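Colleague:
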Amino acid sequence: MIALWHRIPFKYQLIGAFAIITLLAMIAVYSFASLEIQNRFGEFVDRADLMRARQIRDVLTVYYHHNGSWQGIEQLANPHVEGADRFLEAPFALADRDGKVIISTDDRLIGRNLSESDLSKGLPIRAQGERVGTVFIGAPKRGLNPVEKQFLDSVQVSTLWAGGLALILSVGLGFLLVRRMARPLSELRVAAEKISQGKLESRVNVTSDDELGLLGQTFNQMTDSLQRSENLRRQMVMDVAHELRTPLMVQQSHLELLLDKVAEPTPQQLETIYEQNLLLGRLVKDLQVLAVAESGELKIERASVSLKETLESIAEHVRPAIAEKEISLHVSIPENLPTLCVDRQRIEQVLLNLLDNARRHTPQGSAIELHAELQDKQVQISVLDQGPGILPEELPYLFERFYRADQSRSRQSGGFGLGLAIAKHLVEAHGGRIWAEASAPGQGAVFRFTLPI
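Next up, the structure:
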């Protein structure tokens with residue numbers, strides 16, 4: 001049964017579930033309402049009987065006081081006697097002081113002796129403080145009369161009709177609601193099938209802000225991310241091929257000259273081939289680090305490190321290369337920098353990437369600044385240069401692989417475009433954050449990153 005249910009389209013499963021729930025609810029409501037109506041109607045009938053019984057008791061009390069006995073009382077039940085109609089409006093019975101029924105609209109009760117339990121359900125008629133009779137409306141233990149039963153049956157039938165109509169309306173409204181819900185789900189399924197076929201441009205129309213609308217928005221965001229990742233993957237393949245092509249072609253051309261004996265090996269040629277091999281090795285190493293970082297498998301070997309000593313060591317290491325371009329390096333490191341539990345080699349790699357990036361973009365005769373600042377529960381490190389600066393529209397892409405803010409730069413002057421991407425992963429692996437700040441053209445660039453204490 002369950003397997004058969006699962007074969008039914010989801011839309012009809014919802015409609016069926018909605019109908020079943022509505023039907024069960026209607027059955028519960030009908031059962032409760034029917035029981036409540038019977039109880040309330042029974043109470044109403046009992047109160048009406050009590051009122052009639054009191055009226056009849058008053059008449060019978062006057063009769064007994066006037067006659068001193070019940071002799072001739074049966075005349076009051078004769079339809080031809082004046083005033084008898086008030087007794088004939090509903091079934092009634094009268095028992096004498098001994099509990100014997102002496103008059104009743106039901107001839108089968110006349111002469112029957114009633115028990116004390118039966119007598120307690122009637123209204124006593126008293127004379128001089130003694131009970132001389134008991135009157136019952138509807139007779140002892142009577143059920144509903146035909147009119148009352150017909151009324152109660154009609155109410156129950158009307159309730160059934162109302163419940164059936166409510167069920168039909170509920171199922172109809174449920175069908176419309178389910179169809180509205182199923183339409184975006186169907187569109188989502190079709191779009192997912194297209195994406196599975198590689199059509200990453202597929203999107204769904206979002207027309208509401210409810211859960212289905214949020215699902216559609218999330219699906220579109222996921223598709224955007226997939227398409228962007230695919231574009232980055234393709235771009236990466238193209239960029240890697242492009243980066244590999246030039247050093248390989250340079251090596252190939254020099255080697256062909258040597259193999260064809262067009263030229264004799266010279267130190268300059270060998271140095272050129274060696275430099276191109278270094279470029280290839282650096283590219284492969286950077287790609288390897290980036291791939292490991294993006295896969296979440298980057299190993300961070302933490303140890304207690306003096307951040308002040310690390311910054312000063314890196315500054316002295318890069319100072320000669322910076323000085324070759326006649327650029328000055330200004331270092332501002334407070335004395336109270338704490339000891340951090342970090343991977344020193346990884347943090348040095350981040351600093352080297354940022355300082356090398358600043359060196360390449362800083363013009364001759366200007367300066368680079370390296371600052372450290374102790375903040376609340378973190379240390380902020382900043383690298384500032386006096387280069388061309390960063391435009392606001394470039395900020396979202398600076399830390400993507402192979403991205404160069406100045407596309408006209410070659411790999412010799414602009415690097416491979418992997419340093420900032422690697423730095424981002426290394427900083428985030430330590431629980432920190434790295435970012436760049438936009439500036440006006442010619443006002444220099446600012447890169448900052450934080451490390452938690």
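Read in the numbering used here, the sequence shown has 141 at position 141, and its numbers run on one by one without any break.
From the three backbone atoms N, C-alpha and C, an ideal C-beta is built for every residue, glycine too.
In this text, all values refer to a predicted model and were calculated from it rather than measured experimentally.
Compute the Euclidean distance between the alpha carbons of residue 263 and residue 248, then round it to the nearest angstrom.
Modeller: Your numbering for residue 263 matches position 263 in the sequence shown. Your numbering for residue 248 matches position 248 in the sequence shown. Their backbone Cα atoms lie some 19 Å apart in a straight line.
Colleague: Pull up the DSSP beta-bridge partners for residue 448, would you.
Modeller: Within the sequence shown, numbered from 1, the residue matching residue 448 stands at position 448. Beta-bridge pairing links residue 448 to 382 and 435.
Colleague: Please go through the same chain and pick out, in chain order, the residues whose beta-carbon is closer than 7 Å to the beta-carbon of residue 236, but skip the five residues on each side of it.
Modeller: Mapped onto the sequence shown, residue 236 falls at position 236. Once the five neighbours on either side are set aside, the close Cβ partners of residue 236 are 401 and 402.
Colleague: To the nearest angstrom, how far is it from the Cα of residue 162 to the Cα of residue 216?
Modeller: The residue you call residue 162 lines up with position 162 of the sequence shown. The residue you call residue 216 lines up with position 216 of the sequence shown. Approximately 39 Å between the Cα atoms of the pair.
Colleague: Cβ of residue 286 within 8 Å of Cβ of residue 426?
Modeller: Against the sequence shown, residue 286 aligns to sequence position 286. Against the sequence shown, residue 426 aligns to sequence position 426. Their beta carbons are not under 8 Å apart, which means residue 286 does not touch residue 426 by this criterion.
Colleague: Here's the rule I'm using: 16 or more other beta-carbon atoms within 10 Å means buried, otherwise exposed. How should residue 268 be labelled?
Modeller: Here residue 268 is taken as the residue at index 268 of the sequence shown, counted from 1. Exposed, because fewer than 16 other Cβ atoms sit within 10 Å of the Cβ of residue 268.
Colleague: Whose CA, out of 380, 313 and 355, lies closest to the CA of residue 337?
Modeller: Locating residue 337 in the sequence shown gives position 337, counting from the first residue. Checked all of 380, 313 and 355; the closest Cα to residue 337 is 380.
Colleague: Measure the C-alpha to C-alpha separation of residue 229 and residue 187 and round it to an integer number of angstroms.
Modeller: What you label residue 229 is simply residue 229 of the sequence shown in a count that begins at 1. What you label residue 187 is simply residue 187 of the sequence shown in a count that begins at 1. Going from the Cα of residue 229 to the Cα of residue 187 covers about 23 Å.
Colleague: Please confirm whether residue 423 and residue 354 have their CB atoms less than 8 Å apart.
Modeller: Walking along the sequence shown from the start, residue 423 turns up at place 423. Walking along the sequence shown from the start, residue 354 turns up at place 354. Contact: yes.
Colleague: When the Cα atoms are used, what is the spatial distance from residue 29 to residue 40?
Modeller: Residue mapping note: residue 29 aligns to position 29 of the sequence shown, counting from 1. Residue mapping note: residue 40 aligns to position 40 of the sequence shown, counting from 1. Computed Cα separation, rounded: 16 Å.
Colleague: Are the region 187-203 and the region 166-178 touching, with three or more C-beta to C-beta distances below 8 Å?
Modeller: Output reads no: the region 166-178 does not touch the region 187-203.
Colleague: Note down, in chain order, each residue of its chain lying with its Cβ closer than 8 Å to the Cβ of residue 433, except the 5 sequence neighbours on either side.
Modeller: Translated into positions along the sequence shown, residue 433 becomes position 433. Taken in chain order, the residues that qualify are 427, 449 and 450.
Colleague: Measuring CB to CB, does residue 346 end up less than 8 Å from residue 325?
Modeller: Position 346 of the sequence shown, counting from 1, holds the residue named residue 346. Position 325 of the sequence shown, counting from 1, holds the residue named residue 325. Going by C-beta atoms, residue 346 is not nearer than 8 Å to residue 325.
Colleague: Contact between the region 390-401 and the region 436-449: three or more CB pairs below 8 Å?
Modeller: Touching, yes.
Colleague: For residue 36, does the three-state DSSP call read helix, strand or coil?
Modeller: Working through the sequence shown from its first residue, we reach residue 36 at position 36. It is helical.
Colleague: Please list the terminal residues of the continuous alpha helix (DSSP H) segment that includes residue 69.
Modeller: Taking the first residue of the sequence shown as 1, we reach residue 69 at position 69. Here residue 69 belongs to no alpha helix (DSSP H), and DSSP marks it neither H nor E.
Colleague: For residue 97, which residues of its own chain have a beta-carbon under 8 Å away from its beta-carbon, when the five flanking residues on both sides are left out?
Modeller: Taking the first residue of the sequence shown as position 1, residue 97 is located at position 97. Cβ neighbours of residue 97 beyond the five flanking positions: 130, 131, 132 and 133.
Colleague: Who are the near neighbours of residue 397 in its chain, counting only those whose CB is closer than 7 Å to its CB and skipping five residues on each side?
Modeller: For the purposes of this step, residue 397 is identified with residue 397 of the sequence shown, where counting begins at 1. Same-chain partners within the cutoff: 403.
Colleague: Of all the alpha helix (DSSP H) runs that stay within the bounds of the region 283-352, which reach a length of 4 or more residues?
Modeller: Counting only runs of 4 or more, we get 307-324.
Colleague: Determine the burial state of residue 266: buried for a count of at least 16 other Cβ atoms within 10 Å of its Cβ, exposed for fewer.
Modeller: Looking up residue 266 in the sequence shown gives position 266. By the 10 Å Cβ count, residue 266 comes out exposed.
Colleague: Suppose the cutoff is 8 Å on Cβ atoms and the five residues either side in sequence are ignored; what does the same chain contact list for residue 368 look like?
Modeller: Here residue 368 refers to the residue found at position 368 when the sequence shown is read from its first residue. Result list for residue 368: 322, 327, 328, 329, 330, 355, 358, 359, 362, 383, 384, 385 and 386, in chain order.
Colleague: Answer with buried or exposed for residue 284, where buried requires no fewer than 16 other C-beta atoms within 10 angstroms of its C-beta.
Modeller: In the sequence shown, counting from the first residue as 1, residue 284 sits at position 284. Looking at its Cβ environment, which holds fewer than 16 other Cβ atoms inside 10 Å, residue 284 is exposed.
Colleague: Looking at the secondary structure, which residues open and close the alpha helix (DSSP H) in which residue 422 lies?
Modeller: Counting from 1 along the sequence shown, the entry for residue 422 is found at position 422. Start and end: 419-429.
Colleague: Compute the Euclidean distance between the alpha carbons of residue 114 and residue 136, then round it to the nearest angstrom.
Modeller: Counting from one through the sequence shown, the residue named residue 114 turns up at place 114. Counting from one through the sequence shown, the residue named residue 136 turns up at place 136. Their Cα atoms are separated by approximately 12 Å.
Colleague: Where residue 54 and residue 112 are concerned, what is the direct C-alpha to C-alpha distance, given to the nearest angstrom?
Modeller: By one-based count along the sequence shown, residue 54 stands at place 54. By one-based count along the sequence shown, residue 112 stands at place 112. Those two C-alpha atoms are separated by around 22 Å.
Colleague: Who are the Cβ neighbours of residue 293 in its own chain at under 6 Å, not counting the five residues just before and after it?
Modeller: For the purposes of this step, residue 293 is identified with residue 293 of the sequence shown, where counting begins at 1. Excluding positions up to five away in sequence, the list reads 425.
Colleague: Helix, strand or coil: how does DSSP classify residue 124 here?
Modeller: Along the sequence shown, one-based indexing puts residue 124 at 124. Looking at residue 124 - three-state DSSP - the assignment turns out to be strand.
Colleague: Identify which residue in 209, 184 and 156 has its Cα closest to the Cα of residue 31.
Modeller: Looking up residue 31 in the sequence shown gives position 31. When each option's Cα is compared against that of residue 31, the closest is 156.
Colleague: Please name the residue, chosen from 60, 181 and 239, that lies closest to residue 209 on a Cα-to-Cα basis.
Modeller: Counted from its first residue, the sequence shown places residue 209 at position 209. Closest by alpha carbon: 181.
Colleague: What does a CB cutoff of less than 8 Å around residue 344 pick up in its chain, not counting 5 residues either side in sequence?
Modeller: In the sequence shown, the residue the question calls residue 344 occupies position 344. Taken in chain order, the residues that qualify are 303, 305 and 310.
Colleague: Going straight from the alpha carbon of residue 232 to that of residue 166, what length do you get?
Modeller: The count along the sequence shown starts at 1 and reaches residue 232 at position 232. The count along the sequence shown starts at 1 and reaches residue 166 at position 166. Spanning the two alpha carbons is a distance of roughly 57 Å.
Colleague: Take residue 315 as the anchor and find which of 74, 333, 300 and 172 has the nearest alpha-carbon.
Modeller: Locating residue 315 in the sequence shown gives position 315, where the first residue counts as 1. For the residues 74, 333, 300 and 172, the minimum Cα distance to residue 315 belongs to 333.
Colleague: So, is residue 122 buried or exposed, given that buried needs 16 or more other C-beta atoms within 10 angstroms?
Modeller: Taking the first residue of the sequence shown as 1, we reach residue 122 at position 122. Looking at its Cβ environment, which holds 16 or more other Cβ atoms inside 10 Å, residue 122 is buried.
Colleague: I need the boundaries of the beta strand (DSSP E) containing residue 258, first residue and last residue.
Modeller: The residue given as residue 258 occupies position 258 in the sequence shown. Run containing residue 258: none in the beta strand (DSSP E); it sits in the alpha helix (DSSP H), 211-259.
Colleague: Once you ignore the five residues that flank residue 171 on each side, which residues in its own chain have a CB closer than 8 Å to its CB?
Modeller: Along the sequence shown, read from residue 1 onward, the residue named residue 171 stands at position 171. Result list for residue 171: 15, 18, 19 and 22, in chain order.
Colleague: Using alpha carbons as the reference points, say which of 255, 258 and 251 lies closest to residue 275.
Modeller: For the purposes of this step, residue 275 is taken as residue 275 along the sequence shown, with counting starting at 1. Nearest of 255, 258 and 251 to residue 275, Cα basis: 251.
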